[in-house]
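Peer 1: Encoded as structure tokens, here's the structure I'll be asking about.
There are 4 protein chains.
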Amino acid sequence: MTKEEVLKEYRVREILEAARRVIGKFGFEGTTIDRVADEARIAKGTIYLYFPNGKDELLHSAVVEGLRDLTAELRRSDDPSQTPIARLASMVRAMFTIQRNHQDFFKALILDSRFVAFEPGDARETELRNVYIEALECVADLLRVAIADRAIRPIEPQLAAVTLFEMMTAPLRRSLLGLAGAPTDADAEAVMELFLYGVRDARPSGNGNA
Amino acid sequence: MTKEEVLKEYRVREILEAARRVIGKFGFEGTTIDRVADEARIAKGTIYLYFPNGKDELLHSAVVEGLRDLTAELRRSDDPSQTPIARLASMVRAMFTIQRNHQDFFKALILDSRFVAFEPGDARETELRNVYIEALECVADLLRVAIADRAIRPIEPQLAAVTLFEMMTAPLRRSLLGLAGAPTDADAEAVMELFLYGVRDARPSGNGNA
Amino acid sequence: MTKEEVLKEYRVREILEAARRVIGKFGFEGTTIDRVADEARIAKGTIYLYFPNGKDELLHSAVVEGLRDLTAELRRSDDPSQTPIARLASMVRAMFTIQRNHQDFFKALILDSRFVAFEPGDARETELRNVYIEALECVADLLRVAIADRAIRPIEPQLAAVTLFEMMTAPLRRSLLGLAGAPTDADAEAVMELFLYGVRDARPSGNGNA
Amino acid sequence: MTKEEVLKEYRVREILEAARRVIGKFGFEGTTIDRVADEARIAKGTIYLYFPNGKDELLHSAVVEGLRDLTAELRRSDDPSQTPIARLASMVRAMFTIQRNHQDFFKALILDSRFVAFEPGDARETELRNVYIEALECVADLLRVAIADRAIRPIEPQLAAVTLFEMMTAPLRRSLLGLAGAPTDADAEAVMELFLYGVRDARPSGNGNA
DNA sequence: GATGAATGAGCGTTCATTCAT
DNA sequence: AATGAATGAACGCTCATTCAT
Chain A
7 MTKEEVLKEY
17 RVREILEAAR
27 RVIGKFGFEG
37 TTIDRVADEA
47 RIAKGTIYLY
57 FPNGKDELLH
67 SAVVEGLRDL
77 TAELRRSDDP
87 SQTPIARLAS
97 MVRAMFTIQR
107 NHQDFFKALI
117 LDSRFVAFEP
127 GDARETELRN
137 VYIEALECVA
147 DLLRVAIADR
157 AIRPIEPQLA
167 AVTLFEMMTA
177 PLRRSLLGLA
187 GAPTDADAEA
197 VMELFLYGVR
207 DARPSGNGNA
Chain B
7 MTKEEVLKEY
17 RVREILEAAR
27 RVIGKFGFEG
37 TTIDRVADEA
47 RIAKGTIYLY
57 FPNGKDELLH
67 SAVVEGLRDL
77 TAELRRSDDP
87 SQTPIARLAS
97 MVRAMFTIQR
107 NHQDFFKALI
117 LDSRFVAFEP
127 GDARETELRN
137 VYIEALECVA
147 DLLRVAIADR
157 AIRPIEPQLA
167 AVTLFEMMTA
177 PLRRSLLGLA
187 GAPTDADAEA
197 VMELFLYGVR
207 DARPSGNGNA
Chain C
7 MTKEEVLKEY
17 RVREILEAAR
27 RVIGKFGFEG
37 TTIDRVADEA
47 RIAKGTIYLY
57 FPNGKDELLH
67 SAVVEGLRDL
77 TAELRRSDDP
87 SQTPIARLAS
97 MVRAMFTIQR
107 NHQDFFKALI
117 LDSRFVAFEP
127 GDARETELRN
137 VYIEALECVA
147 DLLRVAIADR
157 AIRPIEPQLA
167 AVTLFEMMTA
177 PLRRSLLGLA
187 GAPTDADAEA
197 VMELFLYGVR
207 DARPSGNGNA
Chain D
7 MTKEEVLKEY
17 RVREILEAAR
27 RVIGKFGFEG
37 TTIDRVADEA
47 RIAKGTIYLY
57 FPNGKDELLH
67 SAVVEGLRDL
77 TAELRRSDDP
87 SQTPIARLAS
97 MVRAMFTIQR
107 NHQDFFKALI
117 LDSRFVAFEP
127 GDARETELRN
137 VYIEALECVA
147 DLLRVAIADR
157 AIRPIEPQLA
167 AVTLFEMMTA
177 PLRRSLLGLA
187 GAPTDADAEA
197 VMELFLYGVR
207 DARPSGNGNA
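Residue numbers (the working numbering), protein chains in the order written: chain A, 7 to 216; chain B, 7 to 216; chain C, 7 to 216; chain D, 7 to 216.
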């Protein structure tokens, strides 16, 4: 990689980080090129050197990078020597940690983003899809292992993974509604337990109607 | 109710429906007063006769009405003579039906909305919260009954309700990612089963590691 | 005059009075048809029955009527049996009284009005001119008498009349600038004295340089 | 001063001059951002670079600048080595000159401005007041000197100054009413004489009734 | 005649984008 | 490469005017 490329990558990263902070502070709708430039301490025009396609591209990249970080973190937190269930629990905890660390950005990402809002066929839609799927597959792969291991039922792994992702937003949503404080580790455990066992009462004396 | 009030309510409804269609087509960010007026086949200024506080109020009302419709539908679908579990299943199916009927709007609502984006203390934030909570409580109440009935475990009903709400977006999200077709009744069943039983393998020979 | 005409004149008067109150409260720029209609307790559309040419015509008429009232008041206050100087003093006092009675309206009229803002040739410009001149001539005629009477110098009566009119706004302007309280009778006397004697020191020991 | 500051000041001046021309042509109510931008041959948005607070700020600045120019001109025209009366006469002549040079603008300023139209407490109201008072004080100070010098009577200098200001608008008003041509030097002399001596006939044979 | 709901031109303002320096 | 002044399309909103009832 040439010196120029290194510099370029550094600049791109700086801009994207600034964009994430701005998104966190002002939401997607409140994110303007001016604010990102200010946050990155560069001139507005400079952004167009690194993101020639403008704002859409920049926001897209910021979201993609956020999801990639998420994926990377999920992978880093994984310890294949553990049982599948323990690994799943680790992943859930890891996602909660990331949510907490980049809280404002993920809050915006979850509540405010148009996730898949590009024109059908737009290359960016594909990329966004792929990076989301990649995060998903971390979990789905683990589910496949767990299924093979008979640790969990033979359900559709991808649907279960999406479901788990959505479940993890529940404590955040509840917090935003003022129904609870910020998500805690206890919430991570609660979500994990719901995901594993559901709500059904398994006690022998349980009411067996369905 | 006087004739004027009837007419006014009719107009308000027409505008809100137009707004919902526009939100569905263009997302929240792409929703402009011009587009709503065009969609409602009225002049731009007319909107301000019925929504004097402008766009924010209009979007807020559209979202609130959407959630109210949801709540109403949940209540209508409920048959208290059934077992709690059967009633829960009905609710899940009802929500899927609504999602299907107003698919684009709910897609925007779920993926794009700033749900709680008003200034803290804004009366609208409170209303939005309340109407969301009302929908939530339909489910939470049912969960309380089910718990009393020992049909489900003594979990925190409100968290479980939020979680169920989030879970129900999973098939929609999956569909939007191109990983599956539009949500079906089968998806409703799958979500219901996950919610009830979780993913854990309950077979006697199951691998019990945790 | 037919019954219809009487009614019409009554309505016109009501609307004009409402307009004057609104102008007083909100200034010319803040005067809208809606506000005038509200103030007159009639429907917006009704105004167009009596002022088919719309807002410009209405404001024009309100100003004209205000000036006519002023003229009428000046005439009513005049007592031809007095000396010209006493009659002038009465007129100045009368103008201050009117200013006080319709303070807000005249404040707007003096400070805010486009007095002669119509297209050249517009019939309304002519009318406005004429009604203003009519008020002016009340004073100018008196000045002519005074000149004939050798009570005042043989100056150009019309210019002197305009000047007196402008001088009378000085206490109001001073008040609006916060440099003094609302115009008082003492201000009327001071203006009158300045108009009669100027500022020059007439004392024998006075410094005679010019 | 850096090059940027010079350029900025130049632009601000250009915009303000354009604004003054537009105000002169269309009056305050007819002054739109579009027209000012057109007149200044810049894009509408550019105005907001130099007047971030928008139209109110722009109009305010235009008026303030106009009054400052007036004050500066009054000071420039003053020659302290002359007698107070001669200095007063110079000031009156100077004001007429300025009126002539920026005729349309001052016409609007005099006839159309809401001079003190901001919310009470608004910093701009204070500034406007102050700049007006500053112009006033040029004259009031001179009047104080003249009083000390016994050239004029011991009248209230500030009221006399406001009165003189108002008197100077008389020829302009007369002209606008079509009662005379544009103000001339002769009008300046006439105003000056009225201000000094009033209208009273001082001839020995004069009619002394009051 | 009286109404007021409906209209849409026109306003002030924002902000993504361009380009001369 | 980096800048930020300049641009102008597009937005939310107001309000004088019209017209069906």
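By construction, the Cβ of each residue, glycine as well, lies at the ideal position given by its N, Cα and C atoms. Please read these numbers as outputs of a predicted model, since none were measured by experiment.
1) Alpha carbons only, please: which of B/Arg26, B/Asp193 and B/Asp191 is nearest the one belonging to B/Glu45?
2) Let's test the definition: count the other Cβ atoms within 10 Å of the Cβ of C/Ala196 and tell me whether it reaches 16, buried, or not, exposed.
3) Give me the Cα-Cα distance between C/Ile158 and D/Arg179, rounded to the nearest whole angstrom.
4) Look at the alpha carbon of C/Ala192 and the alpha carbon of C/Ala92, and state the distance between them as a whole number of angstroms.
5) Does B/Ser211 pass the burial test, meaning 16 or more other C-beta atoms within 10 Å, or should it be called exposed?
6) Starting from A/Gln164, trace the alpha helix (DSSP H) both ways and give me its first and last residue.
7) Along the chain, where does the alpha helix (DSSP H) that runs through D/Glu131 open and close?
8) Anyone know if the C-beta pair for A/Val28 and A/Val42 falls short of 7 Å?
9) Let me make sure I understand the geometry here. Which of A/Ala146, A/Thr190, A/Gly51 and A/Ile48 has the alpha-carbon closest to that of A/Arg81?
10) Look at the Cβ atom of A/Ala152, then the Cβ atom of A/Pro90, and state whether they are nearer than 7 Å.
11) Rounded to a whole number of angstroms, what is the C-alpha to C-alpha distance between A/Gln109 and A/Phe171?
12) Residues bridged to A/Ile158 by DSSP?
13) Please report how far the alpha carbon of C/Met101 lies from the alpha carbon of D/Glu143, in whole angstroms.
14) What residues in the region 141-164 of chain C have a beta carbon less than 9 Å from any beta carbon of chain D?
15) Nearest by alpha-carbon distance to B/Ala97: which of B/Gln88, B/Asp84 and B/Ile48 is it?
16) Exposed or buried, which one is C/Tyr16 when buried takes at least 16 other CB atoms within 10 Å?
17) So A/Met173 contacts chain B; which residues on that side make the cut at Cβ distance below 7 Å?
18) For the alpha helix (DSSP H) containing B/Ala49, list its first residue and its last residue.
19) Under 7 Å between C-beta atoms, does B/Asp40 make it to chain A?
20) Would you say B/Ala166 lies against chain A (beta-carbon separation less than 7 Å)?
21) Of the residues C/Phe201, C/Asp128 and C/Ala49, which one's Cα is nearest the Cα of C/Ala24?
22) Less than 8 Å between the CB atoms is what I'm expecting for B/Ile39 and B/Lys14, so what's the real figure, rounded?
23) Among the candidates D/Tyr54, D/Arg106 and D/Arg135, whose CA atom is the shortest distance from the CA of D/Val70?
24) Below 6 Å CB to CB, which residues in the same chain sit around A/Phe57 once its five sequence neighbours on both sides are set aside?
25) Take D/Leu55 as the anchor and find which of D/Ala167, D/Ile21, D/Thr190 and D/Ala186 has the nearest alpha-carbon.
26) Put C/Ala188 into one of helix, strand or coil per three-state DSSP.
27) Excluding five sequence neighbours on each side, which residues of the same chain lie with their C-beta closer than 6 Å to the C-beta of C/Gln164?
28) Quick check on this structure: which residue in D/Ile104, D/Ala166, D/Leu202 and D/Gly33 has the alpha carbon closest to the alpha carbon of C/Ala186?
29) Does DSSP put D/Glu15 in a helix, in a strand, or in coil?
30) Counting only the same chain and skipping the five closest in sequence on each side, list residues whose C-beta sits under 6 Å from that of D/Met198.
31) Please return the same chain residues whose Cβ sits closer than 7 Å to the Cβ of C/Pro160, not counting the five positions on each side in sequence.
32) Could you check whether the Cβ of C/Arg27 sits closer than 7 Å to any Cβ belonging to chain D?
33) Suppose the cutoff is 6 Å on Cβ atoms and the five residues either side in sequence are ignored; what does the same chain contact list for C/Ala68 look like?
34) Tell me whether D/Ser219 sits in a helix, a strand or coil according to DSSP, three-state version.
35) Looking only at C-alpha atoms, which of C/Asn59, C/Phe32 and C/Ile53 sits nearest to C/Ala129?
36) Start and end of the alpha helix (DSSP H) containing A/Gln105?
Peer 2: By the coordinates alone:
1) Position 39 of the second sequence holds residue 45 of chain B. It is B/Arg26 whose Cα lies nearest to the Cα of B/Glu45.
2) As a first step, residue 196 of chain C is located in the third sequence; it is residue number 190 there, counting from the start. Buried is the call here.
3) Locating residue 158 of chain C in the third sequence gives position 152, counting from the first residue. Locating residue 179 of chain D in the fourth sequence gives position 173, counting from the first residue. In a straight line, the C-alpha of C/Ile158 is about 23 Å away from that of D/Arg179.
4) Your numbering for residue 192 of chain C matches position 186 in the third sequence. Your numbering for residue 92 of chain C matches position 86 in the third sequence. Cα-Cα distance, rounded: 16 Å.
5) As a first step, residue 211 of chain B is located in the second sequence; it is residue number 205 there, counting from the start. Any answer about B/Ser211 is weak, because its pLDDT of 47 lies below 50 and its placement is not dependable; what the coordinates show is given next. Exposed, because fewer than 16 other Cβ atoms sit within 10 Å of the Cβ of B/Ser211.
6) Residue 164 of chain A sits at position 158 when you count from the first residue of the first sequence. Note, A/Gln164: alpha helix (DSSP H), Pro163 to Leu182.
7) As a working note, residue 131 of chain D is residue 125 in the fourth sequence. Per DSSP, D/Glu131 belongs to the alpha helix (DSSP H) from Ala129 to Ala154.
8) Residue mapping note: residue 28 of chain A aligns to position 22 of the first sequence, counting from 1. Residue mapping note: residue 42 of chain A aligns to position 36 of the first sequence, counting from 1. Contact: yes.
9) The sequence position of residue 81 of chain A within the first sequence is 75, counting from 1. Comparing Cα-Cα distances from A/Arg81 to each of A/Ala146, A/Thr190, A/Gly51 and A/Ile48, the minimum goes to A/Ala146.
10) Sequence index remark: in the first sequence, residue 152 of chain A carries index 146 (1-based). Sequence index remark: in the first sequence, residue 90 of chain A carries index 84 (1-based). Yes, Cβ-Cβ distance for A/Ala152 and A/Pro90 is below 7 Å.
11) Here residue 109 of chain A corresponds to residue number 103 of the first sequence, with the count starting at 1. Here residue 171 of chain A corresponds to residue number 165 of the first sequence, with the count starting at 1. Cα-Cα distance, rounded: 16 Å.
12) Residue 158 of chain A sits at position 152 when you count from the first residue of the first sequence. DSSP output for A/Ile158 lists B/Arg206 as bridge partner(s).
13) Reading the third sequence from its first residue, position 95 is the one you call residue 101 of chain C. Reading the fourth sequence from its first residue, position 137 is the one you call residue 143 of chain D. Each residue's Cα considered, the two are about 27 Å apart.
14) Leu142, Leu149, Ala152, Ile153, Asp155, Arg156, Ala157, Ile158, Arg159, Pro160, Ile161, Glu162 and Gln164
15) Locating residue 97 of chain B in the second sequence gives position 91, where the first residue counts as 1. Reading off the sequence, residue 97 of chain B comes out as Met, not Ala. Taking only the C-alpha atoms, the option nearest B/Met97 is B/Asp84.
16) Locating residue 16 of chain C in the third sequence gives position 10, counting from the first residue. Result: exposed.
17) Here residue 173 of chain A refers to the residue found at position 167 when the first sequence is read from its first residue. What A/Met173 touches in chain B: Thr169, Glu172 and Met173.
18) Counting from 1 along the second sequence, the entry for residue 49 of chain B is found at position 43. That residue, B/Ala49, is in no alpha helix (DSSP H); it is neither H nor E in DSSP.
19) Counted from its first residue, the second sequence places residue 40 of chain B at position 34. By this cut-off, B/Asp40 is not an interface position.
20) Along the second sequence, read from residue 1 onward, the residue named residue 166 of chain B stands at position 160. Closer than 7 Å: yes.
21) Position 18 of the third sequence, counted from the start, is the residue given in the question as residue 24 of chain C. Cα-wise, what sits closest to C/Ala24 is C/Ala49.
22) Along the second sequence, read from residue 1 onward, the residue named residue 39 of chain B stands at position 33. Along the second sequence, read from residue 1 onward, the residue named residue 14 of chain B stands at position 8. Not really, about 19 Å apart at Cβ, beyond 8 Å.
23) The residue you call residue 70 of chain D lines up with position 64 of the fourth sequence. D/Val70 has its Cα closest to that of D/Arg135, out of D/Tyr54, D/Arg106 and D/Arg135.
24) The sequence position of residue 57 of chain A within the first sequence is 51, counting from 1. For A/Phe57, where only same-chain residues beyond five positions count, the Cβ hits under 6 Å are Glu63 and Leu64.
25) What you label residue 55 of chain D is simply residue 49 of the fourth sequence in a count that begins at 1. With distances taken between Cα atoms, D/Leu55 lies closest to D/Ile21.
26) Along the third sequence, read from residue 1 onward, the residue named residue 188 of chain C stands at position 182. If DSSP states are grouped into helix, strand and coil, C/Ala188 belongs with coil.
27) For the purposes of this step, residue 164 of chain C is taken as residue 158 along the third sequence, with counting starting at 1. If we look at C/Gln164 and ignore the five residues flanking it on each side, its Cβ neighbours are Ala146.
28) As a first step, residue 186 of chain C must be located in the third sequence, where it is residue number 180. The shortest Cα separation from C/Ala186 among D/Ile104, D/Ala166, D/Leu202 and D/Gly33 belongs to D/Ala166.
29) The residue labelled residue 15 of chain D in the question sits at position 9 within the fourth sequence. Correct three-state label for D/Glu15: helix.
30) Within the fourth sequence, the letter at position 192 stands for residue 198 of chain D. Correct list, in chain order: Ala95 and Val98.
31) As a first step, residue 160 of chain C is located in the third sequence; it is residue number 154 there, counting from the start. Hits under 7 Å: Ile153.
32) Here residue 27 of chain C is taken as the residue at index 21 of the third sequence, counted from 1. Chain D, which has no Cβ nearer than 7 Å to the Cβ of C/Arg27, makes this no.
33) On the third sequence, position 62 is the one that residue 68 of chain C refers to. Only Leu22, Ala25 and Arg26 meet the Cβ criterion.
34) In this structure chain D extends from 7 to 216, so residue 219 of chain D is not present and cannot be described.
35) Numbered from 1 along the third sequence, position 123 holds the residue referred to as residue 129 of chain C. Of the candidates C/Asn59, C/Phe32 and C/Ile53, the one whose C-alpha sits nearest the C-alpha of C/Ala129 is C/Asn59.
36) Stepping through the first sequence from its first residue, residue 105 of chain A is reached at position 99. Note, A/Gln105: alpha helix (DSSP H), Pro90 to Asn107.
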